[in-house]
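Numbering (the numbering used here), first residue to last: 6 to 814.
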């Protein structure tokens, strides 16, 4: 082979990735350092014996375990033929190519450099390009960001690469293990030529994402092995950090000679002979001098929208390395770009024989949070990109508008007719209150999340509202009461298929931490399932003690629940608890309880029908209506949740005290309780959420007034005594109104007098006593009321009931 370098290869190009003739290597590099190692491509500037440019840059090379072992490229003599890519590459001579292919490495690097220097995105997306000049090369601006921020990662959209050079994109998809390091070299050359004085933590690593070959988990097959793929799903489990050896340090036990061996296809090859004293089997591994990288195993589950009808979700294992560790948490919906791998499984760990069936996983190269329709999660990395100065100025200008509260509430579920107060309540739930932690002073931790219950007639859009909120929030979970168990909501213990050890698998409430958990058919939950919600809805934690695993999990989640009445139709003569048969201890934990009833009014029905029909065609009225852009709504709520933490002002504190005292006064004259301290805490949370809507750092009296109005409207619907028409909070807190409790006591006393009037009779007939009581009572007495009165007297040890006979004690 000719020994002269190819004409197209840059004399300054780092050739560490590829095996090359001896004259290309620096003589200063010692023999134990293999410059052709795939894990030391680029300038090995962390070593003293590095290239001349290593001293200028001072930037160490970072190993890339996500790419695994890169096959060495070889220099071969290719003659021109019809299969060559273009005329420039058809010249005879020596070329550096990827092993087993005709992919020219130097040409590949040159094309990627042109892509970085020239590509301008013709169809830019707002979320991706905030803060960029769309008329300038996109990735040169990204390199400038790297110089300013100091994060040495360059995310490259594969759609852009495909639009620029289809052939280069195909090479990336088919040979990512070899092509991505070439991209790294190209990016580092451009960066350090442009910013020679810049010093980064390590050299720039290119992370491609959004590959066109996006595959469903079900359609992954052997053709995809060792190729770049993009799949989407929801993270359901993440393991603890695992140290993975990248470079082993060996020391000779005879002459103390040391050498380093890098990982090759997941193995460390122990040197059989010492190079210094030629002693066989004398090398010992020194663990504390070896190099390790962080590794994490993540389980990704298929998204519900990708599942075929009637199928259970598939899962795939992901392996994240170094900076990608702990980037995602269980509950996150992500797009994952990585290399699909197949690894053999040993029949026995002590024997090198492997099974014919291989095990697959994905080595992660890039994560991306998905679903642009959802709110942005509070993610520190994306916040700076998302909230630029122009965006923040737009949001703050929007917050100064007088009708911003109404505009935001009307933008929520615009297809659902009316229910303005319910939409306002859900809007305040999305904003949430200010989180207060007084544990250091011994006063405890007060929740900031707002819980809402929707109950009423079937077909009143309760489930639609739940689905809308679920599709809007980043960490939302949707579950149905009948299809949920206590462990499914909280956590359950299972055996890890990898380690065969007991691990804790989190449920819906923990997965929706810092989000909203939507529970439909709340009334159809069994008692054991509902009981786990008591701790979550007030203390915001979940205590688990199962199979030797004792822990307390965070469940700082808002609950949005929907319940139907037991008679399928709301009975206005019954209280809320009698209609939906829920324990009062659970209902008292809801800040707002709304009734969604069918009014059966012709004028309302006509307006509702007109609204529903208008959804199916574009009327002139609908075209004139101004709806808020969903991207603005998402950013507005995300900014308020992340940066606005209002505190109570003196005026607002006094207004809250007066509101609470007034609520207590209402029922004091009639022996009713119309408010408890929990209602005051609800008012504080609602007032804080309303202040967040205005981007205000202080809670003013206007916020307290709106919180009081919304709370009063909800109480009017859910806590009104059907017999008196008066709001009685006892219905929600004790399960019975003060009027019903008083009537029960009066009936028990009337029954006691009736029995005493019959003289000292040892036994009375049940039916006769019931008829006598009905005859002398002014109001109707039902059999249930009579039995309750008997039980009350039995509790007082006045009588006992045996079968159909009542005996005095």
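The beta carbon of each residue, even a glycine, is placed where N, CA and C say it ideally should be.
{"Item": "Give me the Cα-Cα distance between residue 780 and residue 786, rounded to the nearest whole angstrom.", "Value": "9 Å"}
{"Item": "Classify residue 773 as buried or exposed, calling it buried when 16 or more other Cβ atoms lie within 10 Å of its own Cβ.", "Value": "exposed"}
{"Item": "If I measure Cβ to Cβ from residue 279 and keep anything under 7 Å in the same chain, skipping five residues before and after, which residues do I get?", "Value": "257, 259, 260, 262, 287, 288"}
{"Item": "Just confirm the distance between the C-beta atoms of residue 248 and residue 207, as a whole number of angstroms; I'd bet it's less than 8 Å.", "Value": "Residue 248 to residue 207, Cβ: 18 Å. No contact."}
{"Item": "What does the alpha-carbon distance come out to for the pair residue 628 and residue 153?", "Value": "Note on residue 628: pLDDT 43, under 50, position unreliable in the model; the coordinate value appears next. Roughly 45 Å between the two C-alpha positions."}
{"Item": "Spatial neighbours of residue 798 within its chain, please: C-beta separation below 7 Å, excluding the five flanking residues on both sides.", "Value": "753, 756, 757, 804"}
{"Item": "Sorted by chain position, which residues of the same chain lie with C-beta nearer than 8 Å to residue 232's C-beta, five sequence neighbours on each side aside?", "Value": "178, 179, 181, 218, 344, 345"}
{"Item": "Leaving out the 5 sequence neighbours to the left and right, which residues in its chain are closer than 6 Å to residue 685 when beta-carbon positions are compared?", "Value": "665"}
{"Item": "Kindly confirm or deny that the segment 351-361 and the segment 314-332 touch, where touching means at least three C-beta pairs closer than 8 Å.", "Value": "no"}
{"Item": "Can you tell me the Cα-Cα spacing of residue 710 and residue 573, whole angstroms?", "Value": "35 Å"}
{"Item": "What three-state label does DSSP hand residue 295 in the structure shown?", "Value": "coil"}
{"Item": "Between residue 117 and residue 188, how many whole angstroms is the CB-CB distance? I'm expecting something under 8 Å.", "Value": "5 Å"}
{"Item": "Identify the residues that DSSP records as bridge partners of residue 162: which are they?", "Value": "214"}
{"Item": "Using 10 angstroms around the beta-carbon of residue 297, count the other beta-carbons present and answer buried if the total reaches 16, otherwise exposed.", "Value": "exposed"}
{"Item": "Could you check whether the segment 301-308 touches the segment 235-254, counting it as contact only if at least three pairs of C-beta atoms, one from each stretch, sit closer than 8 Å?", "Value": "yes"}
{"Item": "Please report how far the alpha carbon of residue 714 lies from the alpha carbon of residue 597, in whole angstroms.", "Value": "12 Å"}
{"Item": "For residue 809, which of helix, strand or coil comes out of DSSP?", "Value": "coil"}
{"Item": "For the candidate residues 717, 549, 409, 513, whose alpha-carbon lies nearest to that of residue 562?", "Value": "513"}
{"Item": "Would you mind sorting residue 645 into buried or exposed? The rule is 16 or more other CB atoms within 10 Å of its CB.", "Value": "buried"}
{"Item": "Measure the C-alpha to C-alpha separation of residue 370 and residue 303 and round it to an integer number of angstroms.", "Value": "13 Å"}
{"Item": "Candidates 149, 167, 225, 214: which alpha carbon is nearest residue 192's?", "Value": "149"}
{"Item": "Specify, as a first and last residue, the run of the alpha helix (DSSP H) that residue 152 falls within.", "Value": "143-154"}
{"Item": "I'd like the list of long-range same chain contacts for residue 549, defined as Cβ closer than 8 Å, with 5 residues on each side in sequence excluded.", "Value": "495, 496, 509, 555, 556, 557, 558"}
{"Item": "Could you give the distance in angstroms between the alpha-carbon of residue 318 and the alpha-carbon of residue 161?", "Value": "30 Å"}
{"Item": "Return the CA-CA distance between residue 810 and residue 527, expressed in angstroms with no decimal places.", "Value": "40 Å"}
{"Item": "Among 539, 216, 333, 340, whose alpha-carbon lies nearest the alpha-carbon of residue 242?", "Value": "333"}
{"Item": "Is residue 642 helix, strand or coil when you go by DSSP?", "Value": "helix"}
{"Item": "Where do the ends of the alpha helix (DSSP H) carrying residue 533 lie?", "Value": "532-536"}
{"Item": "Classify residue 202 as buried or exposed, calling it buried when 16 or more other Cβ atoms lie within 10 Å of its own Cβ.", "Value": "exposed"}
{"Item": "Residue 285 to residue 185, Cα distance in whole Å?", "Value": "38 Å"}
{"Item": "Quick one, are the C-beta atoms of residue 457 and residue 482 less than 8 Å apart?", "Value": "no"}
{"Item": "Spatial neighbours of residue 608 within its chain, please: C-beta separation below 7 Å, excluding the five flanking residues on both sides.", "Value": "none"}
{"Item": "Do residue 412 and residue 640 count as a contact pair if the criterion is CB distance below 8 Å?", "Value": "no"}
{"Item": "From 663, 662, 660, 648, pick the residue whose C-alpha is nearest to that of residue 702; which is it?", "Value": "648"}
{"Item": "Should residue 159 and residue 147 be called a contact, given that it needs their Cβ atoms to be closer than 8 Å?", "Value": "yes"}
{"Item": "I think residue 164 touches residue 215, with their Cβ atoms under 8 Å apart; what is that distance to the nearest whole Å?", "Value": "6 Å"}
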